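Presented below is the structure to which this report refers.
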Amino acid sequence: MATESRTRVPKMKLGSQGLEVSRQGLGCMGMSAFYGPPKPDSEMIDLIHHAITSGVTHLDTSDLYGPFTNEILLAKACFTNYYSPLLLFNLYPGHLSTYIYIYMYMFAIKGMREKVELATKFGFKFDGQNMEIVGDPSYVRAACEASLKRLDVDCIDLYYQHRIDTRVPIEVTVGELKKLVEEGKIKYIGLSEASAATIRRAHAVHPITAVQLEWSLWAREAEEDIIPTCRFDLRILILTLLSLLNLPLFK
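Sequential numbering of the sequence shown, starting at 1, is according to UniProt numbering.
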């Protein structure tokens, strides 16, 4: 028991709105998009399960990844109904010990929805070939409804605007997100790659819980105004992306 407590990733408060997440998160983008061909679902589901049982319960995805298929992958891993023992016997013929192990494993991961803090994003509209950044209220709502369906959940823990649509006032976009919070479809609101001024304007409409941005030894522009605005003025937590992108430079 002592060993388990030392190796599990601890929890922390995400911002000042009450959301508690694992101190380390799992970015799921590379499982389905951008870094070579999509990885086999079975391998990625095993990876997700290993992360969760190790205490990494903050899972980050987006409708952009795939597109759409990464959200479906997370649904398969965490939020769908699991196989019955009878079906397991048919799928995994073998020794009784194997059946018992599989059943116990599936029982252990059943109810993953209560164990994870799920973050997904909206903001990129697809027409089959082209992609544009969109933040108008009708699209925000449609994107949220579609993500809820793909993820097979009733509520998204943290919903980010993936990129800011400069054609739509941020107050309008966040106003629609606020309605989704009030309707119980999302719990907390986040922004990704937003300026300090945009963050302040958004926060005035509804509290922003988290901001994602690129911040590392190789990308420090955010330290001028975004980081102080979030950390000291608004108490919004920063989640960094691509922090280890240039790690091979150390090798």
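Yeah, the Cβ is synthetic: ideal placement off N, Cα and C, and Gly gets one too. Note that this is a predicted model, so its numbers are computed, not measured.
Rounded C-beta distance between residue i and residue j? I'm assuming under 8 Å.
i: serine 192; j: lysine 121; result: 6 Å
i: lysine 179; j: cysteine 144; result: Incorrect: roughly 10 Å between the Cβ atoms, too far for contact.
i: leucine 118; j: leucine 59; result: 6 Å
i: glycine 190; j: alanine 210; result: 4 Å
Pick out whichever of the options has its Cα sitting closest to the Cα of residue i.
i: arginine 200; options: Gly123, Val174, Phe34 and Leu74; result: Val174
i: leucine 158; options: Gly135, Thr61 and Leu213; result: Thr61
i: valine 9; options: Gly15, Thr53, Tyr35 and Gln17; result: Thr53
i: alanine 51; options: Glu223, Ser22 and Arg231; result: Ser22
i: serine 147; options: Ala194, Thr229, Ile72 and Arg113; result: Ile72
i: proline 137; options: Gly15, Glu224 and Val172; result: Val172
i: arginine 167; options: Glu132, Val181, Ala142 and Leu26; result: Glu132
i: proline 181; options: Val140, Ile164, Ser195 and Asp165; result: The amino acid at residue 181 is misidentified as proline; the sequence shows valine. It is Val140 whose Cα lies nearest to the Cα of valine 181.
Quick check: the Cα distance between residue i and residue j, rounded to an integer number of angstroms?
i: glutamate 20; j: asparagine 130; result: 37 Å
i: histidine 203; j: aspartate 233; result: 11 Å
i: residue 258; j: tyrosine 188; result: There is no way to answer for residue 258, as the model of the chain reaches only from 1 to 251.
i: histidine 206; j: tyrosine 160; result: 13 Å
i: arginine 113; j: lysine 149; result: 14 Å
i: glutamine 17; j: glutamate 176; result: 19 Å
i: phenylalanine 124; j: isoleucine 236; result: 24 Å
i: proline 67; j: methionine 29; result: 10 Å
i: residue 272; j: methionine 31; result: Residue 272 is absent from the model: the chain starts at 1 and stops at 251.
i: leucine 241; j: aspartate 127; result: 27 Å
i: isoleucine 226; j: serine 195; result: 7 Å
i: isoleucine 208; j: histidine 162; result: 14 Å
i: proline 169; j: proline 228; result: 23 Å
i: glutamate 224; j: isoleucine 238; result: 14 Å
i: glycine 15; j: isoleucine 48; result: 25 Å
i: threonine 7; j: glutamate 43; result: 22 Å
i: alanine 142; j: leucine 26; result: 26 Å
For residue i, I'd like the list of residues in its chain whose CB is within less than 7 Å of its CB, leaving aside the five on either flank, ordered along the chain.
i: isoleucine 45; result: Lys76 and Ala77
i: leucine 87; result: Residue placement at leucine 87 is flagged as unreliable, the pLDDT there being 44, under the threshold of 50; a coordinate-derived value is accordingly withheld.
i: glutamine 24; result: Val9 and Val56
Could you tell me if residue i is buried or exposed, where buried requires 16 or more neighbouring beta carbons within 10 angstroms of its beta carbon?
i: leucine 217; result: exposed
i: alanine 197; result: exposed
i: arginine 231; result: exposed
i: tyrosine 35; result: exposed
i: aspartate 63; result: buried
Give me, in chain order, the residues of the same chain whose beta-carbon lies closer than 6 Å to that of residue i; leave out the 5 immediate sequence neighbours on both sides.
i: alanine 222; result: Leu213 and Trp215
i: tyrosine 65; result: Met29, Ser32 and Ala33
Can you find the residues in the same chain that come closer than 8 Å, C-beta to C-beta, to residue i, ignoring five residues on each side of it along the sequence?
i: methionine 12; result: Glu20, Val21, Ser22 and Arg23
i: glutamate 183; result: none
i: asparagine 81; result: Unreliable placement is indicated for asparagine 81, whose pLDDT of 46 sits below 50; no coordinate value is reported for it.
i: aspartate 165; result: Gly123, Ile133, Val134, Gly135, Asp136 and Thr173
i: residue 275; result: In the structure displayed, the chain extends from 1 to 251; residue 275 sits before or after that span and is not available.
i: asparagine 70; result: Cys28, Met29, Met31, Ser32, Ala33, Thr61 and Ser62
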